[in-house]
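Colleague: So that we are looking at the same thing, I have put the structure below in structure tokens.
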Amino acid sequence: MKVLCALFLLLLTTATTWAAEAPGKAAVATAHPAATVAGLEALSSGGNAFDAAVAIAAALAVAEPYGSGLGGGGFFLLRQAGSPPSYRFIDARERAPQAAHADLYVRQGKVVRELSLNGPLAAAIPGLPAGLVHLSSRYGKLPLIDSLGPAIRLARDGVSIDRVYRERALARMEALRADPESARLFLDNGEVPEQWGFLHQPQLARTLERLGRYGRSGFYEGETAQKLVKGVRAAGGIWTLADLASYKVVERAPLRFALADGRELIGAPPPSAGGVALAQSLAMLEQLPWREADRVQRAHYVIESLRRAYRDRGLLGDPDFVANPLPQLLAPDYLKRLAASIDAQRATPSSALPGAPAWHEGDHTTHFAVIDRDGNAVAATLSVNLPFGAAFTVPGTGVLLNDEMDDFAAEPQGVNAYGLSGSQPNLIAGGKRPLSSMSPSFIESAEQLAVFGTPGGSRIPSMVLLAMLAYLDGQPTSQWPVLARYHHQYLPDVVQYEPGTFSVAETQALSQRGYTLEKLTNRYGNLQALRWDKRSGDLEAASDPRGIGEASVLLSWPPTTSAPARTAPAAPAARP
């Protein structure tokens, strides 16, 4: 009997260990159904989560030109399965052209904001193509051309025009009309296309094919690079072939921050400010009784934590150019002082806190999350900044350029297009990456892995924080993207909130505490989330109902026949 009991305990321990290390199934949550299908196709073809991430990102570049694309960039947060797992952060953020400088948009002593919003002068050097090659060659199993296959088909055969496309195109219609190539591709005789029509991008399909066939050199050198530089410079931009050839993805150590109850936040380091804001906010809230509080009191604690976390953003910048004071900003004593400075009943005016610059950035990025049966996972946030980026498409390539240069501070004490001030560490410089709020994030413990992320510009950290609090509060995964949202970012000293977030009585109570409230006309964000319960084996995915995305769990899996994940880049077959 003792032997049988010992054997039973051994089997139970082994089963528990296996369950903790691998979910045995896969899940995908993206902002567009075609991208979800692309990710599932890569997984069903024997690929891992990293191959699926390449397929998803490329499909989003085709189906959501208003949110991301080959002309943009992004951040990929990776979890490599193991005991313990390891994490990496792939920085594929755009870089300023080498000819860029702090006065790039200054004319006759004044910043001309239009120059950083529309047209090729607004575009930084894209990072997404290099990010896809890096992810595939270092971490994937499938050939890059196979992972790009769904996106190539979407670009060649067409993808349907949906309501989100029409909303974004309407918002940027004048800028799209101003560029003949963008108007030809994304409008219909100068107007927003009808819903359920088809967007065909055959030139983008050929650009994707060159990328898949030749790897990095298929975009940053050769035919594509020459067309990009020629088109940009002909329209007044400052790109050079050297700018493209010198672009490099940077692998950074993720921000890791210990939370209560054995949980750990794994998030985005600079040049994202989002990971720092989330770590600071969660640390402050851990010292406050937010769980026991009623709705008004909880909102008060959250808003005051966000106010203090967002204030510190002005101290951050591209770590390759400036020293970021992360040890000081995440020091326990500093975070305790921040929490202690919160009055339990009254709003703290931002003007009463020591000064720090504020900002704004484009709202319309995209996000996805994927996990495979082995426990590899990716959370990725991608962007071209404003809807349809710079609204400039390079002829002959199908590549719609970003306007991420507007995420820099055009002048240290000036304002950007949204009337918010800049910051010294984020001034424009050649080769520099602009600061971002994109916050792909994991929270992991021995019992669970939760994955979060959303588009939304400066509101990204507040949206992710609210979803994380729902997770920590034990709410089901399906509710994390559904929650009504509110936001505070230090300056302007205003609480923005979605319709339906607060009742009349709650808004009155918050006003009495000293808050200025602004009810938005539309709901915002498009959060994608995953949760893996390592104890039960449950795997869940959720997509924000504000968008048109889709979440799916893949229960069955083909036999593993593909090669193991590569650890070094694969050489391209030939020069493009």
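Numbered per mature numbering (1 follows the signal peptide of the UniProt record, and there is no 0), the sequence shown spans residues -19 to -1, 1 to 557.
C-beta atoms are modelled at their ideal positions from N, C-alpha and C, and glycine is treated no differently.
Being a predicted model, the structure only gives us computed values, none of them experimental.
Could you give the residue range of the beta strand (DSSP E) that holds LYS500?
Modeller: From DSSP, the beta strand (DSSP E) with LYS500 extends over 498 to 500.
Colleague: Measuring alpha carbon to alpha carbon, tell me which residue in GLY370, ALA427 and PRO250 is nearest GLU95.
Modeller: Measuring from the Cα of GLU95, the nearest candidate turns out to be GLY370.
Colleague: Could you check how far apart the C-beta atoms of SER422 and GLY248 are, in whole angstroms? I think they sit under 8 angstroms.
Modeller: Going by Cβ atoms, the distance from SER422 to GLY248 rounds to 4 angstroms, so yes, they are a contact pair.
Colleague: If I measure Cβ to Cβ from PRO407 and keep anything under 7 angstroms in the same chain, skipping five residues before and after, which residues do I get?
Modeller: The sequence given here has Asn at residue 407, not Pro. Cβ within range, chain order: GLY298, PHE389, ALA390, PRO415 and LEU416.
Colleague: DSSP puts ASP387 in a beta bridge; with which residues?
Modeller: Partner(s): none; ASP387 has no beta bridge.
Colleague: Considering Cα atoms alone, identify which of ARG288, LEU192 and VAL351 is closest to ALA111.
Modeller: If we check each option's Cα against that of ALA111, LEU192 comes out closest.
Colleague: Taking the runs of the alpha helix (DSSP H) that are 4 residues or longer, which of them lie wholly in the stretch 417 to 458?
Modeller: Listed in chain order, the complete alpha helix (DSSP H) runs (minimum 4 residues) inside the stretch 417 to 458 are 441 to 453.
Colleague: Skipping 5 residues on each side, what residues in its chain have a beta carbon closer than 8 angstroms to that of ASN29?
Modeller: Correct list, in chain order: TYR120, GLY121, LYS122, ASP353, ASP355, ASN357 and ALA546.
Colleague: Pick helix, strand or coil for GLU285, following the three-state DSSP scheme.
Modeller: The answer is helix: DSSP assigns GLU285 an H, G or I state.
Colleague: Can the beta-carbon of PRO368 be found less than 8 angstroms from the beta-carbon of ARG165?
Modeller: Contact flag unset, no.
Colleague: Restricting to Cα atoms, I'd like to know which of ASP72, ARG237 and VAL43 is closest to THR378.
Modeller: If we check each option's Cα against that of THR378, VAL43 comes out closest.
Colleague: Helix, strand or coil: which one does DSSP assign to GLU521?
Modeller: Reduced to three states, the DSSP call for GLU521 is strand.
Colleague: Tell whether a beta-carbon distance below 8 angstroms holds between GLN184 and ARG147.
Modeller: Cβ atoms of GLN184 and ARG147: not closer than 8 angstroms.
Colleague: Is PRO235 near PHE433, with beta carbons less than 8 angstroms apart?
Modeller: Not in contact: PRO235 and PHE433 (Cβ atoms no closer than 8 angstroms).
Colleague: With 16 as the cutoff for other CB atoms within 10 Å, does PHE179 come out buried or exposed?
Modeller: Answer is exposed; the Cβ neighbour count stays below 16.
Colleague: Using a Cβ-Cβ cut-off of 6 angstroms (strictly less than) and excluding sequence neighbours within five positions of SER537, which residues of its own chain qualify?
Modeller: Within the same chain, SER537 has no close Cβ partners at all.
Colleague: Could you compute how far the alpha carbon of THR17 sits from the alpha carbon of VAL359?
Modeller: Those two C-alpha atoms are separated by around 14 angstroms.
Colleague: Leaving out the 5 sequence neighbours to the left and right, which residues in its chain are closer than 7 angstroms to GLY481 when beta-carbon positions are compared?
Modeller: Only ALA465 meet the Cβ criterion.
Colleague: Find the nearest neighbour of GLN182 within the set PRO313, ILE133 and SER331, judged by alpha-carbon distance.
Modeller: Ranking PRO313, ILE133 and SER331 by Cα distance to GLN182 puts ILE133 first.
Colleague: In or out: GLN470 buried (at least 16 other Cβ within 10 Å) or exposed?
Modeller: With 16 or more Cβ atoms within 10 Å of its Cβ, GLN470 is classed as buried.
Colleague: If ALA40 sits next to LEU135, beta carbons under 8 angstroms apart, how far is it from one beta carbon to the other, in whole angstroms?
Modeller: Indeed they touch by this definition, with Cβ atoms about 6 angstroms apart.
Colleague: Quick check: the Cα distance between VAL230 and VAL213, rounded to an integer number of angstroms?
Modeller: So the alpha carbons of these two residues sit roughly 22 angstroms apart.
Colleague: Need the endpoints of the beta strand (DSSP E) that HIS348 sits in, please.
Modeller: Start and end: 347 to 352.
Colleague: Go through its chain and collect everything with a Cβ distance to ALA23's Cβ below 6 angstroms, but skip five positions before and after it.
Modeller: If we look at ALA23 and ignore the five residues flanking it on each side, its Cβ neighbours are ASP32, ALA33, ALA36 and SER128.
Colleague: Grab me the residues of GLY528's own chain with a C-beta within less than 6 angstroms of its C-beta, minus the 5 sequence neighbours each way, in chain order.
Modeller: Closer than 6 angstroms at Cβ, skipping near neighbours: ALA12 and ASN507.
Colleague: Tell me whether SER537 sits in a helix, a strand or coil according to DSSP, three-state version.
Modeller: Coil.
Colleague: Considering only residues of the stretch 213 to 239, which uninterrupted beta strand (DSSP E) runs meet the minimum length of 3 residues and lie entirely inside it, listed in chain order?
Modeller: Taking only runs of at least 3 residues, the beta strand (DSSP E) segments lying wholly in the stretch 213 to 239 are 231 to 233 and 236 to 239.
Colleague: Going by beta carbon distance, what residues of the same chain come within less than 8 angstroms of LEU501, once the five residues before and after it are set aside?
Modeller: Once the five neighbours on either side are set aside, the close Cβ partners of LEU501 are GLN477, TYR478, GLU479 and PRO480.
Colleague: Around the C-beta of ALA260, are 16 or more other C-beta atoms found within 10 angstroms, so that it is buried, or is it exposed?
Modeller: It counts as buried.
Colleague: Do GLY50 and LEU381 come within 8 angstroms of each other at the CB atom, strictly closer than that value?
Modeller: It is a contact, given that the beta carbons lie within the stated cut-off.
Colleague: Which one of GLU202, LEU102, LEU266 and VAL303 has the shortest CA to CA distance from GLU285?
Modeller: The shortest C-alpha separation from GLU285 is found at LEU266.
Colleague: Using a Cβ distance threshold of 8 angstroms, determine whether the stretch 59 to 70 contacts the stretch 155 to 165, with at least three qualifying pairs required.
Modeller: Too few Cβ pairs lie closer than 8 angstroms, so no.
Colleague: Quick one: what does DSSP say LEU508 is sitting in, helix, strand or coil?
Modeller: Of the three classes helix, strand and coil, the one that applies to LEU508 here is coil, per DSSP.
Colleague: Contact check, ALA410 vs ALA105 under 8 angstroms by CB: the rounded distance?
Modeller: Not quite, the Cβ-Cβ distance comes to about 12 angstroms (not below 8 angstroms), so this is no contact.
Colleague: Applying the 10 Å Cβ sphere with the 16-neighbour rule, what's the burial state of ARG318?
Modeller: With fewer than 16 Cβ atoms within 10 Å of its Cβ, ARG318 is classed as exposed.
Colleague: Run through the DSSP bridge pairs and tell me what PHE57 is partnered with.
Modeller: Bridge partners of PHE57: ILE71 and ALA361.
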